[in-house]
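K.L.:
Dumping the structure here so I can ask a few things about it.
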Amino acid sequence: MIIGTGEYVSGIVLGSSSGSDKKLGVVALVLFDLRRRGFIDKILLAGTQGNKFPTIREHFRKNITGVYKDMDTTFESFPEDNVEREPNAYKRALDKLKKGDLVFIFTPDNVHFEMAKEAISRGLHVMVTKPIVQKLEDHLTLLNLAKQNDSLVAIEVHKRFDPIYSDCCQRIKSCGNFSYFSSYMSQPKFQLHTFKAWASFSDISYYLNSHHVDFHCWAMEDIARPESVYATASSGIANRAPYELNTEDTITLLVRWRNIKDPSATGTAVYTASWVAPKADVHSQQYFHYMGSSAEFRIDQAHRGYLMNSDDSAPLSLNPLYMKYTPDNDGYFSGQNGYGYKSIEEFVKCASKLRTAEVKSPNSFDHLLATVHKTAISTAILHAGRMSLDCGKPITIQYQEDGIPTQLSPQ
Ligand SMILES: NC(=O)c1ccc[n+]([C@@H]2O[C@H](COP(=O)([O-])OP(=O)(O)OC[C@H]3O[C@@H](n4cnc5c(N)ncnc54)[C@H](O)[C@@H]3O)[C@@H](O)[C@H]2O)c1
5 MIIGTGEYVS
15 GIVLGSSSGS
25 DKKLGVVALV
35 LFDLRRRGFI
45 DKILLAGTQG
55 NKFPTIREHF
65 RKNITGVYKD
75 MDTTFESFPE
85 DNVEREPNAY
95 KRALDKLKKG
105 DLVFIFTPDN
115 VHFEMAKEAI
125 SRGLHVMVTK
135 PIVQKLEDHL
145 TLLNLAKQND
155 SLVAIEVHKR
165 FDPIYSDCCQ
175 RIKSCGNFSY
185 FSSYMSQPKF
195 QLHTFKAWAS
205 FSDISYYLNS
215 HHVDFHCWAM
225 EDIARPESVY
235 ATASSGIANR
245 APYELNTEDT
255 ITLLVRWRNI
265 KDPSATGTAV
275 YTASWVAPKA
285 DVHSQQYFHY
295 MGSSAEFRID
305 QAHRGYLMNS
315 DDSAPLSLNP
325 LYMKYTPDND
335 GYFSGQNGYG
345 YKSIEEFVKC
355 ASKLRTAEVK
365 SPNSFDHLLA
375 TVHKTAISTA
385 ILHAGRMSLD
395 CGKPITIQYQ
405 EDGIPTQLSP
415 Q
């Protein structure tokens, strides 16, 4: 079951196809293809407005069934088509599921926690988009609930499945101490219209820094851990006409890290995210620089050496390594190798192994997925960033003995 019917799920924004690079969305398309390939069966879709479903069905019929061979796009929807608004319809939909069924939460950042709590308490396996939650204490609550209910709970952070990012993560492991990391990720400011319903209840650091913070924390497992976060922000665009949102434009987190095996060695990370970028050759700029004591890496994830010029649009840098929408020569969807696809497929395969009891413990997948057990540090950084913006001070991250962060305190 999918909760959320917005851009990432369906490609529909404000009643029509998105102006971003995700005109067909990602989640529903991938699940339709996984159903075609026999990995899943029935699909349920829960949103808030039932009267949006006829548009979504027509969009899928025209752009998915009409484009790819053998692609069934049927789904059961909640609330019913004649319902104008029912924010709790997803709970009625969850009641239809059985323990061990799969739930995908792709809704605004500020409602992930309540929805994940509901789903995990029912013994379901849950994939939540990034950021899984906005507060460290909520992350720890989900972690404990997952343990109690034997639920597989993972964050959908697809950069982990990019062959170049994942190769780099492995190489970083043998480059000595952590010294420096800097990342940048942006979206064009027209996305502020797309996200106007919820942008004031989240921030661009939760929304986009969450990607590179996750990547860096993943690479730093057993190497280093963060100990303090100071955040600063720019404003003056998102909070003015025509957007009028109560949110920052660009947020930078400055994080001090300490190496675990060599504690006198420290590292610095700078994560910047913006949602006021101008239109460009790519929807999202995204790149990082990592420096360890014996090597450094630079990756530009947006530019893969693939440029398209056409009479219909400005020049575009394409990245089919993420989502490949072009069908194969026989007319079938052929994006199974994209990292946007693999991230969801891997979760489905892991959850299936738990369903058939081939694997007993959800913890067995800690090395394959961004499970709730292994990701509390990235939530701690994002939450500390928000706290620092609100109080203007650096925030210290405190840990319990097993390395789980438990407390954030202003200095
Ligand atoms: N758009 C992207 O490129 C992208 C990429 C990766 C992850 N995400 C993540 O996906 C999430 C949603 O983003 P989006 O771009 O699809 O946003 P969106 O604003 O287009 O869609 C949000 C959807 O959530 C639904 N929703 C809100 N409250 C709900 C409720 N109570 N019950 C059921 N549905 C509810 C809304 O109806 C809407 O359909 C965010 O957390 C974001 O971080 C988005």
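Sequential numbering of the sequence shown, starting at 5, is according to the working numbering. Every residue gets a Cβ at the ideal spot worked out from N, C-alpha and C, and that includes glycine. Owing to the predicted nature of the structure, the values given are computational and were not obtained by experimental measurement.
Comparing alpha-carbon positions, which option in Ile381, Ser392, Gly396 and Pro331 lies nearest Tyr403?
P.N.:
Out of Ile381, Ser392, Gly396 and Pro331, Ile381 has the C-alpha closest to the C-alpha of Tyr403.
K.L.:
Is Glu160 near ligand 1, going by C-beta to nearest heavy atom under 8 angstroms?
P.N.:
For ligand 1, at least one heavy atom lies less than 8 angstroms from the Cβ of Glu160.
K.L.:
Are Thr270 and Trp261 touching if we call contact CB-CB under 9 angstroms?
P.N.:
Yes. Within cutoff.
K.L.:
Does the beta-carbon of Asp171 have 16 or more other beta-carbons within 10 angstroms, so that it is buried, or is it exposed?
P.N.:
Answer is exposed; the Cβ neighbour count stays below 16.
K.L.:
Considering only DSSP beta bridges, list what Tyr275 is partnered with.
P.N.:
Paired residues: Ser187 and Leu257.
K.L.:
Have a look at Glu405 and Leu249 and give me their C-alpha separation to the nearest angstrom.
P.N.:
Using only the alpha carbons, I get a separation of about 41 angstroms.
K.L.:
Since Ile241 is in the beta strand (DSSP E), which residue starts that stretch and which ends it?
P.N.:
It is not in any beta strand (DSSP E) - Ile241 carries neither H nor E in the DSSP assignment.
K.L.:
Decide if Thr360 is buried, meaning its Cβ has at least 16 other Cβ atoms within 10 Å, or exposed.
P.N.:
Classification for Thr360: exposed.
K.L.:
Bridge partners for Glu160 per DSSP, in chain order?
P.N.:
Paired residue(s): Thr133.
K.L.:
Using a 10 Å radius around the Cβ and a threshold of 16 neighbouring Cβ atoms, would you call Lys134 buried or exposed?
P.N.:
Result: buried.
K.L.:
Between which two residues does the beta strand (DSSP E) holding Val87 run?
P.N.:
Unbroken run through Val87: none, as it is neither H nor E.
K.L.:
Check whether the Cβ atoms of Cys354 and Leu33 lie closer than 9 angstroms to each other.
P.N.:
Taking 9 angstroms as the Cβ cut-off, Cys354 and Leu33 do not qualify as a contacting pair.
K.L.:
Tell me the residue span of the beta strand (DSSP E) that contains Gln402.
P.N.:
Gln402 -> beta strand (DSSP E) spans Ile399 to Tyr403.
K.L.:
On the premise that Ser314 lies in contact with Met189, defined as a C-beta separation below 8 angstroms, what is that separation, rounded to the nearest angstrom?
P.N.:
Met189 to Ser314, Cβ: 26 angstroms. No contact.
K.L.:
Using 8 angstroms for Cβ pairs, my map puts Phe110 next to Gly10. What's the rounded Cβ distance?
P.N.:
That pair is a contact at about 7 angstroms.
K.L.:
Consider the C-beta atom of Ile131 and the heavy atoms of ligand 1; say whether any pair is separated by less than 8 angstroms.
P.N.:
Note that residue 131 is Met in the sequence shown, not Ile. It does not: the Cβ of Met131 is nowhere closer than 8 angstroms to a heavy atom of ligand 1.
K.L.:
What is the rounded straight-line gap between the Cα of Pro489 and the Cα of Asp207?
P.N.:
There is simply no residue 489 to check, as the chain begins at 5 and stops at 415 in what is shown.
K.L.:
Identify every residue that forms a DSSP beta bridge with Ala235.
P.N.:
Paired residue(s): Leu257.
K.L.:
Exposed or buried, Glu362, counting other C-beta atoms within 10 Å across all chains shown (16 or more means buried)?
P.N.:
Glu362 is exposed by the Cβ-count criterion.
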